[in-house]
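Numbering (full-length UniProt numbering), first residue to last: 1 to 688.
This is how it looks when you write it as C-alpha cells:
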C-alpha cells in the first residue's frame, strides 16, 4: 500500500510525475480548482470584511471523495500544484478539504517535471504560503465585485449576457482607444527618392536620397522633390566615402510567457490561447517513444528570464560538444524595468532536457507541438551562444549638392543564428565600388507616400502592450483575450483585433460611469498591490476595501444616470411567416435578424454580409460572409444548405488564368495578394 499521496491538478501531470516516484507514492489529480465562489450569487460577504464564501465546484464531488478516500490510506500528503498564486490557492483549498494542519509541511513545488526536480521537491516540503494565497484571493474577490455588480447593470440597461471585468474592461478600452486614434489620424505626405546607378563594371547599384552635406533632409511634397530632381538632372554620382564596419547582433534571452506568446504569433501564427494550450502539454508531459511520458519544458507562466546554474551548465555542455567551443558565450538575462523579486520566482521557459533536440523527438510530437518545442529549444540554446557578426558597408556619394547612401551587409560569423533559424536574414551584398569612383546615373525613382495610422493590435502586440503597462500577469494574458473575443466586444479581422459595435457601446458606458475601473494606470497599480500582498507587505482585505468604496459609489450613481440603450435596429426585411418587419438583434454569436413580433412569432435568420461575388460552385447564389462558433470569419454560399461551398479566404470572383479554379484574397502583415484556391497551382499576384 502507498504510504504517500501526491496531489496535482491534471491527469497528464499525474501520469508524468507518477513514473518518477516508486510504489510508496500514489499520484492523484484534482483536475483544476476544487472550491470557488458560487456562480449563482456574489459570494463575497461585503458586511463581514469581504469574507469570500467558497463552495465545492459543481461536479467535483466524485473527484474530492476519491482524493479523501486515498488520503485516509496514507501517512503523508504532498500538494504539488503549479508554482504560482493560482497553484498555491488550489493547494490551500485542498488542505482545507482534507483538514490538514495549518503548519503542516505539505506543499512541494518544482519548476520542471523531471525526476531530479520531483525528488528534490519531495525532500524539501514547506508550509502553504498564505501571502501567495491572499494575493490570489484579493484578485478573485476584486474581479467578482466588479463582474457581479457591473454586469447586471449592463443587462438591465443594454442586454442580457454581457459582462464587465476588472482587467478585461481595461483591455477593451485599450483596443477602443487605438481605433479612435486610427479614425482621428490625418495622413501626412512625404516622398522618397531612389536612384539606380552603374559602376565601371556595368553593375547596377541602388542608392537612396539622404540629404545635403550638412544634414538629413525630409522631402515633404512634390515641389521639394521637383527641386531636387532638377538639380541632379544630367549629373552622375561621385563616391565620397566608403566605410566598412563590423556589426554584432546579440542573441535574446530565453522566453518569458509574454515573449513566447509574441514570438509564436509572429513566427508560427499561433493565437495566445493556442500557444498556452500547446505549451501546457509540453510542460505536463508528452509520450516520447522508448521513454514513456516526459515533461519537455519548464514551467510556462513566468515573467523572468533567469535560468538556473544547472541549466546553464547543461546548455554549455551541449553547445561545446555539438556545435563548437567558439559558439558558447554564456548567459545574461534581460534587464526589466522595475523588476520585482516576485517576478523572478521562476526560471525562463526552457527545455528540461537540452539534449532532446526537436528533430530527435519529432516523431513523438504533433506538428504543432514540434513547432513550439523547436521555438523554445532553439531560443534557449541560442541565448547562451556567441553574437552573430556582420560586415556592414556604407557608401556615400553625391550629385548636385545632395548626398545619397547605399548600405550592404554580409554575415561573417553565424554565432547564435546557427541554431536560432527563426531569426536568420538574407545578406545584402553591394557590387565592388572604388573610392572616388564616378557612377553613371541610370534612373531616378521618386515616390510619393503618406504616413500610416498606428496599426490595430494583433494578439502579440496587445500582449506586449499589456506587459509594458503592467496590466495582468503571464497567466492572465491569454484568458483575457479569449474572454473579450467570446463576449463579442472585440472581433478578429485577419490578425487584427477590432472593437465591435457592442464593444464600443459597453466601453462608452464604462468610461462614462466607471472610469477608474478601466483606467490603465489604476489597473496597473492594482497589479503592483497584488505583488505587495504576495510579498507579505500588504493585508489583502484592506486593498479590497480601498477599491470597493469608489466602486459602490459609482454603482449607485450609474443606476440612476444610465439610460436604457436599445440594441435593436428595425430593417426593411419582411418576415415571411407573419409579415412584420425584421429587427437586428445581438446574440451569443453576434448579430442576427428576428421578427419584430416576438414572442408571438419566433422566426429568426442570419444576417448575410454580401460580397458581390457569384458562388464559384453553384453559380446561382452569392458569396456571403459568415462567422464560425468561435467568431472566425469564413465565406459561404447564400443558397446554403442547397450549396455547401465554404472558404476561409474571400473569393475574388475571378478564375485562375493557369488552372481555371477560383481565386481568393490573402493578406499578411507584409503583403496583400491574390492566389489560386487550388493547392496544386502556384499562381499568385499582388493586389494593387
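Virtual Cβ for every residue (Gly too), placed ideally from N, Cα, C.
Computed from a predicted structure; not experimentally measured.
How big is the Cα-Cα spacing for residue i and residue j?
| i | j | result |
| --- | --- | --- |
| residue 17 | residue 27 | 7 Å |
| residue 368 | residue 281 | 11 Å |
| residue 328 | residue 265 | 28 Å |
| residue 636 | residue 491 | 19 Å |
| residue 422 | residue 267 | 7 Å |
| residue 469 | residue 72 | 48 Å |
| residue 632 | residue 603 | 25 Å |
| residue 428 | residue 246 | 14 Å |
| residue 149 | residue 56 | 23 Å |
| residue 192 | residue 220 | 9 Å |
| residue 509 | residue 480 | 20 Å |
| residue 118 | residue 293 | 14 Å |
| residue 174 | residue 182 | 13 Å |
| residue 690 | residue 649 | Given that the chain is displayed from residue 1 to residue 688, the structure contains no residue 690 and the question cannot be resolved. |
| residue 462 | residue 546 | 29 Å |
| residue 163 | residue 60 | 26 Å |
| residue 64 | residue 125 | 23 Å |
| residue 96 | residue 388 | 54 Å |
| residue 307 | residue 187 | 46 Å |
Go ahead and pull the three-state DSSP assignment for residue i.
| i | result |
| --- | --- |
| residue 33 | coil |
| residue 43 | coil |
| residue 306 | coil |
| residue 21 | coil |
| residue 281 | helix |
| residue 10 | coil |
| residue 653 | strand |
| residue 608 | coil |
| residue 683 | coil |
| residue 98 | coil |
| residue 246 | strand |
| residue 53 | coil |
| residue 158 | coil |
| residue 338 | In this prediction, residue 338 has a pLDDT of 44, which is less than 50 and means its spatial position is unreliable; what the coordinates show is noted afterwards. Of the three classes helix, strand and coil, the one that applies to residue 338 here is coil, per DSSP. |
| residue 322 | helix |
| residue 78 | strand |
| residue 499 | strand |
| residue 259 | helix |
| residue 4 | strand |
| residue 128 | coil |
| residue 312 | helix |
Give every residue of the same chain whose Cβ lies closer than 8 Å to the Cβ of residue i, excluding the five residues on either side of it in the sequence, and list them in chain order.
| i | result |
| --- | --- |
| residue 672 | 665, 666, 686, 687 |
| residue 201 | 431, 432 |
Can you list, in chain order, the residues of its chain whose CB lies under 7 Å from that of residue i, leaving out five sequence neighbours each side?
| i | result |
| --- | --- |
| residue 681 | 656, 658, 659, 661 |
| residue 278 | 368, 369, 372 |
| residue 440 | 197, 198, 236 |
| residue 435 | 239, 242 |
| residue 564 | 157 |
| residue 144 | 37, 42, 43, 44 |
For residue i, tell me which candidate among the options has the shortest Cα-Cα distance.
| i | options | result |
| --- | --- | --- |
| residue 611 | 599, 625, 600 | 625 |
| residue 541 | 31, 47, 38, 632 | 47 |
| residue 25 | 212, 555, 170, 75 | 75 |
| residue 600 | 591, 620, 578 | 578 |
| residue 556 | 152, 130, 78 | 152 |
| residue 690 | 607, 562, 586 | With the chain covering only 1 through 688, there is no way to say anything about residue 690. |
| residue 646 | 618, 462, 560 | 618 |
| residue 498 | 456, 514, 532 | 456 |
| residue 558 | 515, 570, 130 | 515 |
| residue 417 | 642, 250, 204, 223 | 250 |
| residue 531 | 19, 120, 137, 95 | 137 |
| residue 302 | 121, 271, 258 | 258 |
| residue 260 | 325, 273, 376 | 376 |
| residue 549 | 14, 33, 50 | 50 |
Please return the same chain residues whose Cβ sits closer than 6 Å to the Cβ of residue i, not counting the five positions on each side in sequence.
| i | result |
| --- | --- |
| residue 172 | 484, 489, 503, 507 |
| residue 288 | 294, 361, 364 |
| residue 495 | 458 |
| residue 42 | 148 |
| residue 581 | 570, 596 |
Is the shortest distance between the beta-carbon of residue i and the beta-carbons of chain B less than 8 Å?
| i | result |
| --- | --- |
| residue 410 | The chain labelled as chain B is not found in the depicted structure, where only one protein chain is given. |
> Along the chain, which unbroken stretches of the beta strand (DSSP E) at least 3 residues long are found entirely within the region 163-224?
Replying inline: With a minimum length of 3 residues, the unbroken runs of beta strand (DSSP E) contained wholly in the region 163-224 fall at 189-198, 204-212.
> Can you list the beta strand (DSSP E) stretches of 3 or more residues lying completely in the region 350-408, in chain order?
Replying inline: Within the region 350-408, the complete beta strand (DSSP E) runs of at least 3 residues fall at 388-399.
> In chain order, which continuous runs of the alpha helix (DSSP H) of length 4 or greater are located wholly inside the region 507-580?
Replying inline: Taken in chain order, the complete alpha helix (DSSP H) segments of 4 residues or longer contained in the region 507-580 are 515-518, 520-535, 540-561.
>> Could you tell me which whole beta strand (DSSP E) segments of length 3 or greater appear in the region 456-497?
In response: 490-493
> Which ranges would you report for the alpha helix (DSSP H) in the region 419-451 if only whole runs of at least 4 residues count?
Replying inline: none
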